[in-house]
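Some notes on the structure that comes next.
Residue numbers (this note's numbering): 684 to 1035.
Here it is in structure tokens:
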């Protein structure tokens, strides 16, 4: 009896962390040293649904996407009093949402507002959502204009990530991995994360056959199919993290090298740049001349070169020579384009 009650309480406490499917929970029991069959686990969950350990919460069963049974712990009321800073924080989070997400899924956003207000309405009621619609703006500069179709694809990718399912990529357009010439399509990949970068939604995934990190834009050109084939997420997360720290931003590097990069910056720009995250390895150092140098350790990619050029004459590459030459080459190409009235051309590296 004691072992059974202990098992039920452990499962109950696991549900406090969030909704789960039978499949996910069964996998957790194996790692937690709970030796029961999947059928017994389902009986335990049914029993927990019938019990009521606490008056303000209970376990419920519902049918989620793909007709999967989902078990979650539902709380019915809250004694929490929300102060102005909490309302302001929620208002800021709403404002930070991408423009198209707020427009296409307006009803969902309004539902969140209703749930928030009903759950935390014991605070000061003068802090309303209307206040934040009036007082907080988002320029949405650089926000990608996603279509309704894209958000539907996003839902499917999130399902695949949450259930550790492979997807079959058929065609891509916004490819930050430059993989279109290296992979045979369709390609089976392991989706790990949805990544928001510069206002655009991306899916970060691993091509298992080559252990390669791929990052694709989630747009209408991205074509894929869901599968029921599972992958081991924990095996590939370290590969993702190791590769991402080598990149400036998310674009694939020119080669496999990691460089010690030094960028000299004007004082005015330096005051601004020091308060922004650019790369995990970033370090700002003041030279004897009083100028500021940004040091980073990463590879050379299109995103880094474009970012350096964005600062015009306010930033200078001190080292390495390979990066300096790439920046000089791009400046020369731009100059030739204007002097000779040439059409713009796609970016390419100097492989000479």
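Backbone N, C-alpha and C fix where the C-beta goes; we use that ideal spot for every residue, glycine too.
Are residue 768 and residue 704 closer than 9 Å when you measure CB to CB?
Taking the chain shown and counting its residues from 1, the one referred to as residue 768 is at position 85. Taking the chain shown and counting its residues from 1, the one referred to as residue 704 is at position 21. Residue 704 is positioned such that its CB atom lies no closer than 9 Å to that of residue 768.
In its own chain, which residues sit with a C-beta less than 8 Å from the C-beta of residue 690, not counting the 5 before and 5 after it?
The residue given as residue 690 occupies position 7 in the chain shown. Cβ within range, chain order: 717, 719 and 727.
Can you tell which of 1000, 731, 702 and 707 has its C-alpha closest to the C-alpha of residue 688?
Locating residue 688 in the chain shown gives position 5, where the first residue counts as 1. Ranking the options by Cα distance to residue 688, first place goes to 731.
Can you tell me where the beta strand (DSSP E) holding residue 723 begins and where it ends?
Your numbering for residue 723 matches position 40 in the chain shown. Careful: residue 723 lies outside any beta strand (DSSP E), inside the alpha helix (DSSP H) at 721-733.
Can you say whether residue 853 is buried or exposed, counting buried as having 16 or more other CB atoms within 10 angstroms of its CB?
Sequence index remark: in the chain shown, residue 853 carries index 170 (1-based). With fewer than 16 Cβ atoms within 10 Å of its Cβ, residue 853 is classed as exposed.
Within a Cβ cutoff of 7 Å, which residues of the same chain sit near residue 874, ignoring the five residues on either side of it in sequence?
Position 191 of the chain shown, counted from the first residue, corresponds to residue 874. Same-chain partners within the cutoff: 840, 843, 844, 850, 886 and 888.
Pick out whichever of 792, 786 and 787 has its Cα sitting closest to the Cα of residue 776.
Position 93 of the chain shown, counting from 1, holds the residue named residue 776. Considering only alpha carbons, the answer is 792.
Output yes or no for whether 9 Å exceeds the beta carbon distance between residue 896 and residue 856.
The residue labelled residue 896 in the question sits at position 213 within the chain shown. The residue labelled residue 856 in the question sits at position 173 within the chain shown. In this structure, residue 856 does not lie closer than 9 Å to residue 896 by Cβ.
Residue 944 CB to nearest chain D CB: under 9 Å?
Annotation note: the requested chain D is absent from the structure, which comprises a single protein chain.
Mind checking whether residue 1028 and residue 1020 have CB atoms under 9 Å apart?
Here residue 1028 is taken as the residue at index 345 of the chain shown, counted from 1. Here residue 1020 is taken as the residue at index 337 of the chain shown, counted from 1. Result yes, Cβ atoms of residue 1028 and residue 1020 sit closer than 9 Å.
Between the Cα of residue 827 and the Cα atoms of 867, 884 and 790, which residue gives the shortest distance?
Translated into the one-based positions of the chain shown, residue 827 becomes position 144. Closest by alpha carbon: 884.
Sorted by chain position, which residues of the same chain lie with C-beta nearer than 8 Å to residue 701's C-beta, five sequence neighbours on each side aside?
Numbered from its first residue, the chain shown carries residue 701 at position 18. Excluding positions up to five away in sequence, the list reads 755.
The alpha helix (DSSP H) that contains residue 755, what's its start and end?
The sequence position of residue 755 within the chain shown is 72, counting from 1. It is not in any alpha helix (DSSP H) - residue 755 instead sits in the beta strand (DSSP E) that spans 752-758.
Which same chain residues, not among the five before or five after residue 699, have their C-beta less than 7 Å away from its C-beta?
Along the chain shown, one-based indexing puts residue 699 at 16. Hits under 7 Å: 756.
Pop quiz: residue 940 and residue 982 are said to be a contact at Cβ under 8 Å. What is the actual Cβ separation, rounded to whole angstroms?
As a working mapping, residue 940 is identified with position 257 in the chain shown. As a working mapping, residue 982 is identified with position 299 in the chain shown. Here residue 940 really is in contact with residue 982; their C-beta atoms are around 6 Å apart, less than 8 Å.
Taking DSSP as the reference, what is the three-state secondary structure of residue 949?
Residue numbering aside, residue 949 sits at position 266 when the chain shown is read from its first letter. Annotated three-state conformation of residue 949 is coil, per DSSP.
Do residue 953 and residue 974 count as a contact pair if the criterion is CB distance below 9 Å?
What you label residue 974 is simply residue 291 of the chain shown in a count that begins at 1. What you label residue 953 is simply residue 270 of the chain shown in a count that begins at 1. Contact: yes.
Output the distance between the C-alpha atoms of residue 795 and residue 822, rounded to the nearest integer angstrom.
If you number the chain shown from 1, residue 795 lands on position 112. If you number the chain shown from 1, residue 822 lands on position 139. About 22 Å.
Which whole-angstrom value is the C-beta distance of residue 847 and residue 913, which I expect to be below 8 Å?
Residue mapping note: residue 847 aligns to position 164 of the chain shown, counting from 1. Residue mapping note: residue 913 aligns to position 230 of the chain shown, counting from 1. Right, their Cβ atoms sit about 5 Å apart.
Need the endpoints of the alpha helix (DSSP H) that residue 1004 sits in, please.
For the purposes of this step, residue 1004 is identified with residue 321 of the chain shown, where counting begins at 1. Note, residue 1004: alpha helix (DSSP H), 1004-1022.
Who are the Cβ neighbours of residue 930 in its own chain at under 7 Å, not counting the five residues just before and after it?
Here residue 930 refers to the residue found at position 247 of the chain shown. Once the five neighbours on either side are set aside, the close Cβ partners of residue 930 are 936, 981, 982 and 984.
Nearest to residue 1025 by alpha carbon, out of 709, 872, 1015 and 798?
If you number the chain shown from 1, residue 1025 lands on position 342. If we check each option's Cα against that of residue 1025, 1015 comes out closest.
Let me check understanding here. Comparing Cα to Cα, which of 942, 963, 1022 and 1034 lies closest to residue 1000?
Your numbering for residue 1000 matches position 317 in the chain shown. That would be 942, whose Cα lies nearest to the Cα of residue 1000.
Could you tell me how far apart the beta carbons of residue 968 and residue 901 are, in whole angstroms, since I believe they sit closer than 8 Å?
Working through the chain shown from its first residue, we reach residue 968 at position 285. Working through the chain shown from its first residue, we reach residue 901 at position 218. Rounded, the Cβ-Cβ distance is 38 Å, inconsistent with contact.
Rounded to a whole number of angstroms, what is the C-alpha to C-alpha distance between residue 782 and residue 819?
Here residue 782 is taken as the residue at index 99 of the chain shown, counted from 1. Here residue 819 is taken as the residue at index 136 of the chain shown, counted from 1. Cα to Cα, the separation comes out at about 14 Å.
Taking a contact to mean a Cβ-Cβ separation below 9 Å, would you say residue 959 touches residue 994 in this structure?
Along the chain shown, read from residue 1 onward, the residue named residue 959 stands at position 276. Along the chain shown, read from residue 1 onward, the residue named residue 994 stands at position 311. Against a cut-off of 9 Å, the Cβ pair of residue 994 and residue 959 comes out as no contact.
Does DSSP put residue 957 in a helix, a strand or coil?
By 1-based counting over the chain shown, the position of residue 957 is 274. Reduced to three states, the DSSP call for residue 957 is coil.
DSSP state of residue 999, grouped into three classes?
In the chain shown, the residue the question calls residue 999 occupies position 316. Strand, per DSSP.
The alpha helix (DSSP H) that contains residue 834, what's its start and end?
Locating residue 834 in the chain shown gives position 151, counting from the first residue. Element bounds for residue 834: 831-845.
Give me the Cα-Cα distance between residue 835 and residue 924, rounded to the nearest whole angstrom.
Within the chain shown, residue 835 is the residue found at index 152, counting from 1. Within the chain shown, residue 924 is the residue found at index 241, counting from 1. Counting only the Cα atoms, residue 924 lies some 27 Å from residue 835.
With 16 other CB atoms within 10 Å as the buried threshold, where does residue 893 fall?
Walking along the chain shown from the start, residue 893 turns up at place 210. With fewer than 16 other Cβ atoms within 10 Å, it is exposed.
For the candidate residues 871, 866 and 784, whose alpha-carbon lies nearest to that of residue 830?
Indexing the chain shown from 1 puts residue 830 at position 147. It is 784 whose Cα lies nearest to the Cα of residue 830.
Reducing DSSP to helix, strand and coil, say where residue 797 ends up.
For the purposes of this step, residue 797 is taken as the residue at position 114 of the chain shown. DSSP places residue 797 in helix when its eight states are reduced to three.
In whole angstroms, give me the CA-to-CA distance for residue 729 and residue 799.
The count along the chain shown starts at 1 and reaches residue 729 at position 46. The count along the chain shown starts at 1 and reaches residue 799 at position 116. Taking the Cα positions, residue 729 is about 29 Å away from residue 799.
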